[in-house]
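Presented below is the structure to which this report refers.
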Amino acid sequence: MISLMYVTGGHRLPDFNDRTSIPYVDLIIAELLRWRPTAPLGVHHQSQQPDIYKGYYFPSGTTFIPNIWGVFHDEKIFSEPERFRPERFLKENAGFDTYTMGAFGYGRRVCPGRYLADSSMWLALAQILSAFIIQPKRDGQGQEVLPSLDYKGGLVM
Ligand code: HEM
Numbered sequence: 011m012i013s014l015m016y017v018t019g020g021h022r023l024p025d026f027n028d029r030t031s032i033p034y035v036d037l038i039i040a041e042l043l044r045w046r047p048t049a050p051l052g053v054h055h056q057s058q059q060p061d062i063y064k065g066y067y068f069p070s071g072t073t074f075i076p077n078i079w080g081v082f083h084d085e086k087i088f089s090e091p092e093r094f095r096p097e098r099f100l101k102e103n104a105g106f107d108t109y110t111m112g113a114f115g116y117g118r119r120v121c122p123g124r125y126l127a128d129s130s131m132w133l134a135l136a137q138i139l140s141a142f143i144i145q146p147k148r149d150g151q152g153q154e155v156l157p158s159l160d161y162k163g164g165l166v167m
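All residue numbers for the sequence shown refer to my numbering, where the first residue is 11 and numbers rise by one.
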């Protein structure tokens, strides 16, 4: 918030020209895609011919399910994986990239909308953060009510 104010002077909303000046917004997006990936088990694929990978034989017609959640919550890679901590990409996970690690899938069928998604997320987040202070809602007793972090099933195409 402070760096957003510093960059925009508090008189205008941030735009894409400000992107390199506000790197923390990129860290938040990277951590968001890691912490609660949009497609935790990606999109399933079926092989069209037999293959061998690391000594394992996969006949034609094998279904492959990428465990994106598993990669992003592997304690050997991301310490305290359940904690939302964007700074990890500045420190112990510097150089790690949730985009190429599977947040948008892999290979030839990788998400073609990833650049639009990335730009949309950045602009929305930067502008919301520059204009609002985000806090949990409170119940009648003044206690914070945190939103559920559970996934809901379904994919709308
Ligand atoms: C945060 C936003 C998004 C995430 C996390 C995401 C993630 C994914 C993932 C994981 C896949 C499966 C890739 C694979 O099979 O390995 C996929 C496929 C796809 N995505 Fe996205 N996506 C996002 C936004 C979008 C947007 C904005 C569009 C279109 C404007 C889009 C269009 C598609 C299409 C058409 C496919 C199917 C590609 C194919 O099978 O050849 N996505 N996406």
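Glycine included, each C-beta is placed from N, C-alpha and C at the ideal position.
Q. What's the gap between the Cα of Ile78 and the Cα of Leu37?
A. 19 Å
With burial defined as no fewer than 16 other Cβ atoms inside 10 Å of the residue's Cβ, what is the status of Glu41: buried or exposed?
buried
Q) Excluding sequence positions up to five away, which residues of its chain have a Cβ less than 6 Å from the Cβ of Phe74? A) His55
Assumed close pair Pro47, Ala113 - CB separation to whole angstroms, cut-off 8 Å: 6 Å
Discussion item. With a threshold of 7 Å on Cβ separation, who are the neighbours of Gly71 within its own chain once the five nearest residues in sequence on each side are excluded?
Written reply: Gln56 and Ser57
Q: Taking all protein chains shown into account, decide if Gly52 is buried (16 or more other Cβ within 10 angstroms of its Cβ) or exposed.
A: buried
Quick check on the DSSP output: what are the complete beta strand (DSSP E) runs of length 3 or more inside the segment 22-63, in order along the chain? 61-63
| message | With H, G and I counted as helix, E and B as strand and the rest as coil, what does DSSP make of Arg148? | response | strand
- prompt: Would you say Leu37 touches the ligand HEM, meaning its beta carbon is less than 7 Å from a heavy atom?
  reply: no
Assuming the contact rule is C-beta atoms closer than 8 Å, Leu14 and Leu139 should be a hit. Round their C-beta distance to whole Å, please. 6 Å
Check: Taking Leu156 as the reference, which of Lys147, Ala136 and Asn27 has the closest Cα?
Finding: Lys147
Check: In the DSSP assignment, what residue or residues form a beta bridge with Glu92?
Finding: Per DSSP, none; premise fails for Glu92.
### Message
Tell me which residue opens and which closes the beta strand (DSSP E) that Tyr67 is part of.
### Response
Tyr66 to Phe68
task: Using three-state DSSP, classify Phe99 as helix, strand or coil.
output: helix
Could you give the residue range of the alpha helix (DSSP H) that holds Gln137? Arg124 to Ala141
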